[in-house]
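Worksheet for the structure shown next.
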Amino acid sequence: MKLEVDQIVDLDKKLIEKLPEEYKDKVVIKGSGTGKRLEIEIDPLDLCKVLPVVKETGYDHFLGITVIDHPDENVFELVYLISSTKRSGALLVIRTKLNRDNPVIDTASFIYPLAYYQEIEAYEFFGIKFNNHDGLKLWILEDNWRGPPPLRKDVDTRKIVLDLYYGGKRYERPVQWRSLGGLRNTNGDQNE
Amino acid sequence: MTDSAKRRKRTGFAEWVRSRSIWMIHYCTACGAIELPPNMMAPLDIERWGVMPAPSPRQADVLVVMGYVTKKTLKVLMRLYHQMPEPRYVMVGCNCPATGGLYWDSYSTIKAIDEFLPVDIWVPGCMPRAEDWLQGFLRLRQKILEGRIKSPRPIEEPGELEEMIYREVKLREKAMIEARG
Amino acid sequence: MVIRMSKRVISIFLGPQHPGAPGNVAFKLLVDGERVLDIELVPGFLHRGFEKMMEYRRWDMDLVMSARICVEDPDHVELAFTHALEQIYGIEPPEKAKYVRVVVAEFSRLASHLLWMMHFAGPIAARYATSWAIAAREEILKWFDYVTGHRIYHHYIFPGGIRWDIPSDFKERTLKVLKHIEPLIRDLEKGFFKHPIFVKRARDLGRLKPGDAIRLGATGPVLRGSGVKHDLRKLLKYDAYGEIDFEIAHGEYGDAYDRAMVRLKEMYISMEIIKQAISKMPIDGPYRWRLQPAIPAGEGIGRVESARGEFIAHIINKPPNKFSGPLTPYRVKFRGPTMAHLTTVLKHIVRNEEITIADLPVLIGSLDPCPPDIDR
């Protein structure tokens, strides 16, 4: 039942040649199935040196940016997913780690146009700021949420919603009573 | 029963006519809108019962909320509701706006739309089948016919609507005779 | 491009309640007379906060929620989520499950393309094509009801295989559905796609060159209509696509007509794939491996080719800590194909070509947006 190697992803020699010195031996193959990928872990200040190189060697299809919150290590981890149309859909993953108290990094929208909108998402859900980005605002969350960036791990949205709508109770919610048309068990000790 | 409720509860010409032509606003709010095309077109054709999608809210009768309502959509819905001329009705489908549904702990959906709009018909399900939407429209027809509508609407005196129509027809006849000599 | 705000240039809101808007999204247009100078997307009307809600629930409850991300084509989202979870667990589904997954996914793609016909032909006022497409889709929904139990949200593709066994007359029923649909699609081709009015309206509209399409992040039929033969079913060969022989539909010009023709060809190719998958499917055998409830630590990326483009599910799991128990994933991220189409691709087309307001329904329809994808 173990996963077999059904897609060969080999180390891209052209990419390794053009990378800056410190990352030449840090390219690894990870994952399995459709998630088989090449991974590089870089320093956030080197983003502007690595991304143009990556685009020149044929990784031209930008897919997305994933942001992961690690509050115990006090970092935000940014994962850039880039794919290539020329190397039969191979996936390249670039990881960086940002400090959680002051998360600032350069924008990638000059190299990949789609990164502009993924960075707006990262800003409104996590609070990460991007240099030279002129459109950081609440785009999806515009009238939907007011408060701290919701996807951070220390923001407990479930508790906020329970307090706001259901009077703090998870079961026996007042909304359920109303939808029963006024029928509720007459215990006498339930107060709205 | 109060006077106005008694006046509302009789069936007259106005109710008969209004129940046979219900125009809904063309607004696909959310998920539940996927089961409306089989209603409007191929198998269950609700145009036989007089239901048609109207493009602008000024010409519509019923506001159909098809699925979950986020806070941003609620602003649009309130504006549409106030743009509709009276008499107007509201039909709500899917479990999510009724009690919270699947997204009960979401920070951006409305859990009970009953607090914002006066609702006439609830269509439960996740999602309600095409036949359920049809049943909802038929029940709305029955409700309009009997006059049991929740949202406020102008109460006409008996025969007022017929008088207005006859007056309009007479005026038009006079204008036609004048124009043609 | 510098746009001078003279007296003639006004900004209009093509809001969510509009027969020409593709669902519940709004656009902000900058208009000079009839010509559209700039377009900007205003999303957020369908935002439910999926990624936060999924961190509070178990992984099988997450599968149920993930289907509701894209309403028109829910099976591919479940497939992406399933692939990512199976990579974390490190297993592969049994043979029978792979073929059934292919059949279910291809039917979902067919149904989504037929619904696209409704969104596309409706604003052009070709309502006859809408009716035929919805009638054909009704047959597919009845098939889904028979096999999986629900018409729209199936929850049939489950990590480890498929959820329950297929009925005994699976093959006959599927072939009957295909026999019913095929004449309707041929009628659509003759009556709508070769109609001179449609050809005149859609030819040379929204031209997208292949280099631009790749640079702006387009995927799916939008990319293939420009001539780039990029199809994840052939390149990654997930599930049973490696054993099925099919061709990739592509266009050559990159205008709205070619994108529409690509989807029509994909409908025929889907029917071919289903027929081949049914004939090669093993009848006996297990249909699901039972997984242990606690998710191991790891990371999985699932990429599938959905009806609109490339759908990615990225699941990360850490050992049990203060924020996530052993049954809940640590972080789930989805990225749908529509965000690239309605933001970068649309802006590029509007800025480099003379688009009038009357062309907008055809243009937006040919990109086939699914608004819940953008703001899950």
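So the protein lines, in turn, are chains A, B and C.
By the numbering used here, the letter at position 120 of the first sequence is numbered 105, and the numbering carries on one by one without gaps.
By the numbering used here, the letter at position 22 of the second sequence is numbered 29, and the numbering carries on one by one without gaps.
By the numbering used here, the letter at position 86 of the third sequence is numbered 72, and the numbering carries on one by one without gaps.
C-beta atoms are modelled at their ideal positions from N, C-alpha and C, and glycine is treated no differently.
C-beta atoms of residue i and residue j nearer than 8 Å
i, j, result
"cysteine 56 of chain C", "aspartate 359 of chain C", "yes"
"leucine 99 of chain A", "isoleucine 90 of chain A", "no"
"proline 315 of chain C", "methionine 40 of chain C", "yes"
"histidine 193 of chain C", "tyrosine 243 of chain C", "The sequence shown places arginine at residue 193 of chain C, not histidine. Contact: no."
"leucine 27 of chain C", "phenylalanine 13 of chain C", "yes"
"leucine 77 of chain A", "arginine 22 of chain A", "yes"
"alanine 112 of chain C", "phenylalanine 184 of chain C", "yes"
"phenylalanine 61 of chain A", "proline 88 of chain A", "yes"
"glycine 147 of chain C", "proline 79 of chain C", "yes"
"isoleucine 287 of chain C", "glycine 43 of chain A", "no"
"leucine 202 of chain C", "alanine 326 of chain C", "yes"
"leucine 121 of chain A", "tyrosine 108 of chain A", "yes"
Sequence-distant residues of its chain with Cβ nearer than 8 Å to residue i (five each side left out)
i, result
"arginine -6 of chain C", "Asp18, Gly19"
"leucine 87 of chain B", "Ile32, Tyr34, Pro64, Leu70"
"isoleucine 126 of chain C", "Phe93, Leu96, Ala97, Leu100, Val163, Ile167"
"lysine 34 of chain A", "Pro5"
"aspartate 174 of chain A", "Note that aspartate 174 of chain A has pLDDT 39, beneath the 50 cutoff, so the model's placement of it is unreliable and the number below is only indicative. Excluding residues within five positions, none has a Cβ falling inside 8 Å."
"leucine 51 of chain B", "Pro45, Ala137, Glu138, Leu141"
"threonine 142 of chain A", "Pro135"
"proline 37 of chain A", "Ile96"
"lysine 154 of chain A", "Leu147"
Residue range of the alpha helix (DSSP H) that includes residue i
i, result
"valine 133 of chain C", "113 to 133"
"asparagine 46 of chain B", "44 to 47"
"arginine 95 of chain C", "81 to 107"
"serine 26 of chain B", "20 to 26"
"tryptophan 102 of chain B", "Strictly speaking, residue 102 of chain B in this sequence is asparagine, with tryptophan absent from that position. Element bounds for asparagine 102 of chain B: n/a, residue is neither H nor E."
"histidine 46 of chain A", "No alpha helix (DSSP H) holds histidine 46 of chain A; the beta strand (DSSP E) holding it covers 46 to 55."
"valine 126 of chain B", "First-last for valine 126 of chain B: undefined, no H or E at that position."
"histidine 300 of chain C", "Not the alpha helix (DSSP H): histidine 300 of chain C falls in the beta strand (DSSP E), residues 296 to 303."
"asparagine 84 of chain A", "Taken as a continuous stretch (DSSP letters only), asparagine 84 of chain A belongs to no alpha helix (DSSP H), being part of the beta strand (DSSP E) at 76 to 84."
Exposed unless 16 or more other CB atoms sit within 10 angstroms - verdict on residue i
i, result
"asparagine 307 of chain C", "exposed"
"isoleucine 281 of chain C", "buried"
"valine 24 of chain B", "exposed"
"asparagine 10 of chain C", "buried"
"histidine 216 of chain C", "buried"
"proline 182 of chain C", "exposed"
"leucine 349 of chain C", "buried"
"glutamate 340 of chain C", "exposed"
"asparagine 176 of chain A", "Residue placement at asparagine 176 of chain A is poorly supported in this model, since its pLDDT is 40, which falls under 50; the coordinates still yield a value, given next. Exposed: under 16 other Cβ atoms inside 10 Å."
"threonine 171 of chain A", "Residue confidence is low: threonine 171 of chain A scores 46 on pLDDT, short of 50, so the model does not pin down where it sits. No coordinate-derived value is stated."
"lysine 181 of chain B", "exposed"
"threonine 116 of chain B", "buried"
"glycine 20 of chain A", "buried"
Limits of the unbroken beta strand (DSSP E) element including residue i
i, result
"proline 60 of chain B", "58 to 61"
"glycine 286 of chain C", "284 to 291"
"lysine 198 of chain A", "Residue 198 of chain A is absent from the structure shown; chain A starts at -14 and stops at 177."
"valine 28 of chain C", "21 to 28"
"tryptophan 30 of chain B", "29 to 32"
"lysine 14 of chain C", "12 to 18"
"arginine 321 of chain C", "317 to 321"
Residues near residue i by beta carbon distance below 7 Å, same chain, minus five either side
i, result
"glutamine 142 of chain B", "none"
"glutamate 296 of chain C", "Thr205, Gly206, Leu218, Arg289, Pro323"
"methionine 47 of chain C", "none"
"phenylalanine 47 of chain A", "Ile67, Tyr97, Leu99, Ala100"
"lysine 333 of chain C", "Ile25"
"arginine 90 of chain B", "Just to set this straight, residue 90 of chain B is glutamine in the shown sequence, not arginine. Result list for glutamine 90 of chain B: Pro64, Arg65, in chain order."
Own chain residues within Cβ distance below 6 Å of residue i, not counting five before or after
i, result
"glycine 6 of chain C", "Pro109, Pro347"
"lysine 138 of chain A", "Asp54, Pro56"
"lysine -1 of chain A", "Thr42"
Of the residues that make up the region 126 to 146 of chain A, which ones have a beta carbon closer than 8 Å to any beta carbon in chain B? Cβ contacts with chain B: Leu126, Glu127, Asp128, Asn129, Trp130, Pro135, Thr142, Arg143, Ile145, Val146.
Please list the residues of the region 31 to 47 of chain A that have a C-beta atom closer than 8 Å to any C-beta atom in chain C, keeping them in chain order. Of all residues in the region 31 to 47 of chain A, only Asp45, His46, Phe47 come within less than 8 Å of chain C when Cβ atoms are compared, listed by chain position.
Would you list, in chain order, the members of the region 106 to 134 of chain C that have their beta-carbon closer than 7 Å to a beta-carbon of chain B? Taking 7 Å as the Cβ-Cβ cut-off against chain B, the residues of the region 106 to 134 of chain C that qualify are Thr116, Ser117, Ile120, Ala121, Glu124.
Using a beta-carbon distance cut-off of less than 8 Å, what residues from the region 96 to 115 of chain B approach chain C? Taking 8 Å as the Cβ-Cβ cut-off against chain C, the residues of the region 96 to 115 of chain B that qualify are Leu109, Tyr110, Asp112, Ser113, Tyr114, Ser115.
Please list, in chain order, the residues of the region 69 to 99 of chain B that have any C-beta partner in chain A closer than 7 Å. Per Cβ criterion, the list reads Thr77, Lys78, Lys79, Lys82.
Residues within the region 224 to 240 of chain C neighbouring chain A, beta-carbon criterion of under 9 Å: Result list: Tyr224, Gly228.
Anything in the region 125 to 139 of chain B with a Cβ closer than 9 Å to a Cβ of chain C? List those residues in chain order, please. Identification of residues in the region 125 to 139 of chain B having a C-beta nearer than 9 Å to some C-beta of chain C yields Cys133, Met134, Arg136, Ala137, given in sequence order.
Give the residues from the region 43 to 56 of chain B that approach chain C closer than 7 Å (Cβ to any Cβ), ordered along the chain. If the cut-off is 7 Å between Cβ atoms, the region 43 to 56 of chain B has Pro44, Pro45, Met48, Ala49, Pro50 near chain C.
Between the region 135 to 154 of chain C and chain B, which residues of the former have CB atoms less than 7 Å from a CB of the latter, in chain order? Cβ contacts with chain B: Arg137, Ile138.
Return the residues of the region -2 to 12 of chain C that lie within a Cβ-Cβ distance of less than 7 Å from chain B, sorted by chain order. Answer set for the region -2 to 12 of chain C: Pro2, Gln3, Pro5, Gly9, Asn10.
Anything in the region 26 to 43 of chain C with a Cβ closer than 7 Å to a Cβ of chain A? List those residues in chain order, please. Those residues of the region 26 to 43 of chain C that come within reach of chain A (Cβ to Cβ, closer than 7 Å) are Pro29, Gly30, His33, Gly35, Glu37, Lys38, Tyr42.
Report the residues of the region 49 to 62 of chain C with a CB closer than 9 Å to any CB of chain B, ordered along the chain. Against chain B - using a Cβ distance shorter than 9 Å - the residues of the region 49 to 62 of chain C are Val50, Met51, Arg54, Val57, Glu58.
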